[in-house]
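Residue 1 is where the sequence shown starts when you use the UniProt record's numbering, and the numbers rise one by one after that. Only one structure is covered here, and it is reproduced in the block below.
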Amino acid sequence: MSDPAGPVWIGDEPPQMPPLSSAGGLRLVLRGAAMVAVLLLGLGLLLALRLIERPLHGAARPWTPAITTAVCRMCLALMGIRYRVQGRPMRHIGAVVANHSSWLDIFALNACQQVYFVSKAEVARWPFIGWLAQATGTVFIRRDPREAKAQQALFEGRLRAGHHLLFFPEGTSTDGRRLLPFKTTLFQAFYTHGLDKVMQIQPVSVVYHAPAGEDPRYYGWWRDMGFGPHLVKVLAAPRQGAIEVVFHDPLDVAAFPSRKELAAACERQVRAGLDQALARAEPSR
1 MSDPAGPVWI GDEPPQMPPL SSAGGLRLVL RGAAMVAVLL LGLGLLLALR LIERPLHGAA
61 RPWTPAITTA VCRMCLALMG IRYRVQGRPM RHIGAVVANH SSWLDIFALN ACQQVYFVSK
121 AEVARWPFIG WLAQATGTVF IRRDPREAKA QQALFEGRLR AGHHLLFFPE GTSTDGRRLL
181 PFKTTLFQAF YTHGLDKVMQ IQPVSVVYHA PAGEDPRYYG WWRDMGFGPH LVKVLAAPRQ
241 GAIEVVFHDP LDVAAFPSRK ELAAACERQV RAGLDQALAR AEPSR
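See below:
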């Protein structure tokens, strides 16, 4: 879900993946099989319901996002990851921005609200994950200046249909312990055809708390870390940590004269939420 044009964040050397024990292998199989079953069942229900929803409501999706939310909640429960939410998702027309630390962000951010991710176009071609992304209404974009106007029109159409689009302005994922400067490019889409007069943006901080005794960066997914090994580590873990999602007050786009000021305001809120949540957790570690 990172920015197709953004460089991969290097950061420090990731922690070594632990060897897979026999008990860990059993947890991997049980959790993995249960999650695949839930994902396939949810996908089937979503596609079937969409056959009715689409002729009646067109681009609007009043029913199917509830399936995505339920599936993501069940997957987090199956993984054994504790999950808590502060604040409330907005109901106003607009978009959502969040920090990006892991593939787990998809589950964490879908489990508490109805949103549609903005993703790099390559994801649409990934086996299984690409199918899930397309079925759930992900917006795929390319960082090609020649497609800027078409993508801007796509954003506007989805927003005016009532979709809350979610994107990661850092442009890449990190170790979950820091926030990178927000890129401002996508914010420009909210200053066209009067959108800035009617919409809001809600900043969200996603905070990962590692299992007791593990590296604080346990859930971070960055540098050259492969998806498969990281998935195995999480599913095979004997103990799990927690994910905290913090919803901040929505910002009126019209209150900011340009995309740079808007991006900076969103970055300040996300950073404050991340820093405060990590600071609260430190004494108990």
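The C-beta atom is built at its ideal place from N, Cα and C for all residues, glycine as well. Keep in mind it's a predicted model, so treat the numbers as computed, not measured.
With a threshold of 16 other CB atoms inside 10 Å of the CB of Arg-239, please say whether the residue is buried or exposed.
-> exposed
Grouping DSSP H, G and I as helix and E and B as strand, with all else coil, what is Leu-180?
-> coil
Pick out the complete alpha helix (DSSP H) segments inside the region 45-92, 4 residues or longer, and give them in chain order.
-> 65-79
Should His-164 and Val-96 be called a contact, given that it needs their Cβ atoms to be closer than 9 Å?
-> yes
Go through the region 204-250 residue by residue and report every complete run of the beta strand (DSSP E) that reaches 3 residues or more, in order.
-> DSSP runs (the beta strand (DSSP E)) wholly in the region 204-250: 242-247.
Go through its chain and collect everything with a Cβ distance to His-92's Cβ below 7 Å, but skip five positions before and after it.
-> Gln-200, Pro-250
Quick one: residues in its chain with C-beta nearer than 6 Å to the C-beta of Ala-189, no 5 flanking neighbours on either side, listed in chain order?
-> Gln-152, Phe-155
Return the CA-CA distance between Ser-258 and His-193, expressed in angstroms with no decimal places.
-> 14 Å
Per-residue DSSP class, three states only, for Leu-20 | coil
Alpha helix (DSSP H) runs contained entirely in the region 90-149, provided each spans 4 or more residues | 104-110, 129-135
Assigned secondary structure, Asp-175 (DSSP; H/G/I helix, E/B strand, else coil) = Reduced to three states, the DSSP call for Asp-175 is coil.
Ile-10 bridges to which residues according to DSSP?
-> Answer is none; Ile-10 lacks a bridge partner.
Nearest-angstrom Cα distance between Ala-264 and Gly-25?
-> 44 Å
For the 8 Å Cβ check, are there 3 or more pairs between the region 103-113 and the region 70-88?
-> yes
With burial defined as no fewer than 16 other Cβ atoms inside 10 Å of the residue's Cβ, what is the status of Leu-51: buried or exposed?
-> exposed
Terminal residues of the continuous alpha helix (DSSP H) containing Leu-195?
-> 195-198
Which of the three DSSP states, helix, strand or coil, is assigned to Phe-167?
-> In the three-state scheme derived from DSSP, where H, G and I count as helix and E and B as strand, Phe-167 is classed as strand.
Could you check if Phe-168 is buried or exposed, using at least 16 other CB atoms within 10 Å of its CB as the buried criterion?
-> buried
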